[in-house]
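Per numbering that gives the first Met the number 0, residue 0 is the first one in the sequence shown, and the count goes up by one each step.
All C-beta atoms in this analysis are idealised placements derived from N, C-alpha and C, irrespective of residue type, glycine included.
Nothing here was measured: the structure is a model prediction, and the numbers come from that model.
Okay, structure first, notes after.
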Amino acid sequence: MRIPSVWLLAGGVLLSSASLLAAGPATSAPLSAAEANQLVQRVANAPRLVSYQGVYVHQYGDRFETVRVVHIADGDKDIERRETLDGPPLELMRDGDRVGLFLPDEAYPTSIDRRMMSKLFPRAWPEQAQQLLSGYVVRRTGHARVAGVATDIYEFEPRDRFRFPHRYWIHPETGLMLKSMMLGVRSEPIELFTFSQIQIGGNIDRKLLKPSHPLRTVPLENGDGDALRVQDPEWEVHAMPPGFRLVKAKRSMWGKGRPVTHHLYSDGLVTVSVFIEPKQRSMAPSLSQQGGMSFFSRPLGNYVLTVVGEVPAEAVQLISNAYVLRESDTAQ
0 MRIPSVWLLA GGVLLSSASL LAAGPATSAP LSAAEANQLV QRVANAPRLV SYQGVYVHQY
60 GDRFETVRVV HIADGDKDIE RRETLDGPPL ELMRDGDRVG LFLPDEAYPT SIDRRMMSKL
120 FPRAWPEQAQ QLLSGYVVRR TGHARVAGVA TDIYEFEPRD RFRFPHRYWI HPETGLMLKS
180 MMLGVRSEPI ELFTFSQIQI GGNIDRKLLK PSHPLRTVPL ENGDGDALRV QDPEWEVHAM
240 PPGFRLVKAK RSMWGKGRPV THHLYSDGLV TVSVFIEPKQ RSMAPSLSQQ GGMSFFSRPL
300 GNYVLTVVGE VPAEAVQLIS NAYVLRESDT AQ
């Protein structure tokens, strides 16, 4: 699955032997509920409240991008600019809720999901810790330097088999995340983000916020949040993996006017998408995996159900099987 070019600006990490040796298996006692909650809230707020500028790299499978980010906390409003330093020039500027993009291929989206904006590295954690912590046990396992800056290392261990482990390097003075790593079922690195250069606080020149390319304003799309429920007369959704909540439901037209329903689920760290579209031909169920991304498609009545997410294969299958057609729609 090709990631849309605008989301390359989320990137940041270099796979290296130093990355792998920076932290071993978690051996410390888990943080208490109060300690873990305080950690999540502090790290979630830091990218909004702390001024910083630097360069980070992102590696996911065979994809690699380098991104410069400048963020200035300005009272109640934060301003940031991101630009890619390799590959096609991509640029993003955010001033409060106003977002401007430069994409050289002119493939501008009609809107940007506010949740996706809130996940651009190092904005990785939700401000509400309860959902996230319901799926993971948190341990502080050591210390290491990232881009010359001392950090504390935290392990997020899954409470079940439906999600991957995560490792984070956090600046203890500010709570700013300087590096993150998602690990596979054999503890192999799947996705990494890391700053290679970073300035935290101090005098950051506002000239660094000046765009290098003409930007096009793109509206932010508000999500429906946890209050959203699947309300489709054709579908019932039964038991989902614990901790995953529906955060978006949208129906749109793809291709030649083909209606596609998209349901987006999140456990606070990762997201899983469910796509429902009319069946064009007979097909057999199909399961595949690419790095940390799992894909599962199956026919269901007159539809094809496809589940995609950064979760183990067992999770996408379980989510798919949670969808059941109502009796009147089960005819093949």
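Query	Result
Given the structure, does residue 89 come close to the ligand MN, in the sense that its CB is under 6 Å from one of the ligand's heavy atoms?	Absence of the ligand MN from the depicted structure is noted, as is the absence of any ligand whatsoever, leaving it without description.
Touching or not, the stretch 211-222 and the stretch 232-241, by the rule of three or more beta carbon pairs under 8 Å?	no
Once DSSP output is grouped into helix, strand and coil, what is the label at residue 29?	strand
If residue 203 and residue 69 are in contact, beta carbons under 8 Å, what's the gap, nearest whole angstrom?	7 Å
Based on the DSSP secondary-structure assignment, which residues constitute the bridge partners of residue 172?	According to DSSP, residue 172 bridges with nothing at all.
Could you tell me which residues DSSP pairs with residue 177 in its beta bridges?	Partner(s): none; residue 177 has no beta bridge.
Cutting at 7 Å between CB atoms, please list the residues of its own chain near residue 270, excluding the five before and the five after it.	263, 264, 308
Below 8 Å on the Cβ atoms is my contact criterion, and I expect residue 240 with residue 189 to pass it. Report the Cβ-Cβ distance as a whole number of Å.	The pair is not a contact, with the Cβ atoms about 18 Å apart (cut-off 8 Å).
In chain order, what residues of the same chain have a beta carbon less than 6 Å from the beta carbon of residue 94, not counting five sequence neighbours either side?	78
In three-state DSSP terms, what is residue 34?	helix
Name the DSSP bridge partner or partners of residue 105?	Residue 105 pairs with nothing; no bridge assigned.
Identify every run of the beta strand (DSSP E) within the stretch 107-192, keeping only runs that are complete inside it and at least 3 residues long; order them along the chain.	135-145, 148-157, 165-169, 176-182
So, at 6 Å on beta carbons, what are the nonlocal neighbours of residue 85 in its own chain, with the 5 sequence-adjacent residues on each side left out?	65
Hey, out of 145, 35, 277, whose CA is closest to residue 131's CA?	35
If you run the structure through DSSP and keep just helix, strand and coil, what is residue 279?	coil
Assuming residue 139 and residue 153 are in contact, meaning their beta carbons sit under 8 Å apart, how far apart are those beta carbons, in whole angstroms?	5 Å
Would the beta-carbon of residue 43 fall within 7 Å of that of residue 168?	no
Leaving out five residues before and five after residue 101 in sequence, what residues of the same chain have Cβ atoms less than 6 Å from its Cβ?	90, 212, 214
For chain B, is any of its Cβ atoms less than 7 Å away from the one on residue 28?	As a matter of chain content, chain B is missing from the structure shown, which is built from one protein chain.
What's the C-alpha gap between residue 30 and residue 157?	14 Å
By DSSP, does residue 214 sit in helix, in strand, or in coil?	coil
What are the boundary residues of the alpha helix (DSSP H) that includes residue 318?	312-320
Please report the Cβ distance between residue 197 and residue 53, rounded to the nearest whole angstrom; I am assuming they are in contact, meaning their Cβ atoms lie under 8 Å.	4 Å
Under the rule that 16 or more other beta-carbon atoms within 10 Å means buried, what is residue 249, buried or exposed?	exposed
Report, in whole angstroms, the separation of the C-beta atoms of residue 162 and residue 134, which I expect to be a contact under 8 Å.	6 Å
Can you tell which of 247, 216, 199 has the C-alpha that lies nearest to the C-alpha of residue 273?	247
Enumerate in chain order the residues of its own chain whose CB-to-CB distance from residue 305 is below 6 Å, with the five nearest sequence positions on each side excluded.	274, 296
With DSSP collapsed to three states, give me the class of residue 206.	helix
If I follow the unbroken beta strand (DSSP E) through residue 63, where does it start and stop?	62-73
Judging by CA-CA distance, which residue of 58, 280, 258, 121 is the nearest neighbour of residue 49?	121
Just how far apart, CA to CA, sit residue 63 and residue 178?	15 Å
Please classify residue 74: is it buried, with 16 or more other beta-carbons within 10 angstroms of its beta-carbon, or exposed?	exposed
Grab me the residues of residue 40's own chain with a C-beta within less than 8 Å of its C-beta, minus the 5 sequence neighbours each way, in chain order.	126, 128
Using CA coordinates, which residue listed in 112, 109, 88 is at the minimum distance from residue 336?	Nothing can be reported for residue 336: it is not among the residues displayed for the chain, which extend from 0 to 331.
Thinking just about the alpha-carbon of each residue, which of 184, 280, 276, 316 is nearest to the one in residue 291?	184
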